[in-house]
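Keeping their order, the protein sequence lines are chains C and E. This note's numbering numbers the first residue of the first sequence as 885 and each following residue consecutively. This note's numbering numbers the first residue of the second sequence as 885 and each following residue consecutively. All C-beta atoms, glycine included, are put in the ideal place defined by N, C-alpha and C. No experiment lies behind these values; they were computed from the predicted model shown. Contents: one structure, followed by commentary.
Number of protein chains: 2
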Amino acid sequence: MITNKNCIIRLSRYKNALYRLRESGAVKVFSNNLADAIGVLPSQVRKDFSFVGISGNKRGGYQIDVLIGKLNSILGKDELQKVIVVGAGNIGTALMKYNGFEKEGIKILACFDIDPRKCRRSGKIPVLPLKELKDFVIAHKIKIGVIAVPDSAAQAALDIMIASGISGVLNFAPIALKPQREAVINNVNLELELESVIYFVNARAKTERGSAI
Amino acid sequence: MITNKNCIIRLSRYKNALYRLRESGAVKVFSNNLADAIGVLPSQVRKDFSFVGISGNKRGGYQIDVLIGKLNSILGKDELQKVIVVGAGNIGTALMKYNGFEKEGIKILACFDIDPRKCRRSGKIPVLPLKELKDFVIAHKIKIGVIAVPDSAAQAALDIMIASGISGVLNFAPIALKPQREAVINNVNLELELESVIYFVNARAKTERGSAI
DNA sequence: TAGATTGTTAATCGATTAACAATC
DNA sequence: TAGATTGTTAATCGATTAACAATC
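Have a look at this one:
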């Protein structure tokens, strides 16, 4: 099994590039085309494919249709991926309104919030009371959830999610979560992402000033 | 100069942990305390400090106050970091409403949108017409910007930003951007982050089914 | 066949971890 | 002094890149 997150993300990028290539009329593709398309080396492409057991034709490259099919299967696009969001705040709402998930076969079935004033049963994606999370997740056999609650509520949210059978979490709370049993947790910390940009810009500015002397 | 983004992110985490330690009354700290606090090895802590020229006292650890000061200086917290956001959609709005930036010395001065209906001069953070971006960025000497516009508008947004003097960008558009001159670009792709969780959950499920046979 | 491309093995690179001499 | 901790050097690890035999 692959454990390299970068590899998975590249597989997604290959797939997106392949859709564009197919639309422009291409039928087959070589590792160097794909490499150019996403900005890596051809050997990286072949290595990634080798990791996940994708093979092409010596000298003949890869059939785009076949390749898209294989990548979709590997990335879990064969079936609809059902997701819930916990926390109907800014980030949670942004995710619910985001249109890009549908075309990727990802469907946010519901959002949950502890604040009854934020709950709305009507609407394309219902916002339900947190209490209902467990039954909902079990009923819909949901495995993936997003945590978009304040820091102080994040661990409790995770505990409920895990207890309900969720085993993969995308976490936006800037806090280290401890799952009660093994789970996939992917942390996205927007503050740190912005801080890292700030650091590198400032560092560059300092270096340039320094070297100008 | 450090080029390792992970290292910078750890420095931020050390700093946050140090604030907590100081609040609980601690005055000095050892590399293993910090390591425990953020979940890395003590040698990683010392290595990171060595990268950025932070030194402590042999046998005496590090003075928390001094250490916080040094980290803040390295991370650019000495001065207010002024940031603009381009795109007043879901993500842009979520960032504007997010309260965590202020305590980190990050201030979103304004948001810009091409759609005049989204513009509001009043309000804590004004939403201004995109046309005004250049003058605003020059007038306020802004170096950092966030791209939160749809894919199709992202490259144009970057071009305007770069032309206005911005040299660091946090980009939420799921597209590869090409800066017209050298710039720091940090891409956050929420879709890929979620897809990677989905992959690892599915992969684990498959492996477990496989190994159960 | 000659030439091009894959798939895999080997080399490189960068980051993390371990080890340990210096020293407080 | 003996013991503990730093700071740095060396070893390890994992991922990326290069090289090349296999082969279409």
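Around Gly989 (chain E), the same chain offers Lys961, Leu964 and Gln965 as residues with beta carbons nearer than 7 Å, after the five sequence neighbours per side are excluded.
For Pro1058 (chain E), the secondary structure class from DSSP, reduced to helix, strand or coil, is coil. Residue-level contact check: Tyr982 (chain E) touches chain C, since one or more beta carbons of chain C fall below 8 Å from its beta carbon.
From the listed residues E:Ser896, E:Lys889 and E:Gly944, the smallest Cα separation to Ser915 (chain E) is found for E:Gly944.
For Met980 (chain C), the closest of C:Phe933, C:Gly937, C:Gly1029 and C:Phe935 by C-alpha to C-alpha distance is C:Gly1029.
Under the three-state reduction of DSSP, Val911 (chain E) is assigned to coil, being neither helix nor strand. Taking a cut-off of 8 Å for Cβ pairs, the segment 1084-1094 of chain C and the segment 1064-1076 of chain C do not touch, as fewer than three such pairs fall below it. Annotation: Leu1061 (chain E) to Leu1042 (chain E) spans about 8 Å, alpha carbon to alpha carbon. Nearest C-alpha to Asn1086 (chain C) among E:Gly1052, E:Glu907, E:Tyr1083 and E:Val911: E:Gly1052. Where Pro926 (chain E) is concerned, the enclosing alpha helix (DSSP H) starts and stops at Pro926 to Phe935. Using a 10 angstroms sphere on the CB of Lys954 (chain C), the tally of other CB atoms reaches 16 or more, which defines it as buried.
The beta carbon of Asn888 (chain E) does not come within 8 Å of any beta carbon belonging to chain C, so the residue lies off that interface. In this structure, the CA atom of Val936 (chain E) is about 35 Å from the CA atom of Ser896 (chain C). CA-CA distance, Ile1059 (chain C) to Asn1071 (chain C), rounds to 9 Å. Val1011 (chain E) is not a Cβ neighbour of Ile1050 (chain E), given a cutoff of 8 Å. Along the segment 988-1020 of chain E, going in chain order, the ones with a CB nearer than 8 Å to a CB of chain C are Glu988 and Ile990.
Under the 8 Å Cβ criterion, the segment 965-974 of chain C counts as touching the segment 994-1013 of chain C, having at least three qualifying pairs.
At the C-beta level, Gln947 (chain C) and Lys899 (chain C) stay beyond 8 Å of one another. Taking the C-beta atoms as reference points, Asp932 (chain E) is found no nearer than 8 Å to Arg904 (chain E). The Cβ of Tyr903 (chain C) sits no closer than 8 Å to any Cβ of chain E.
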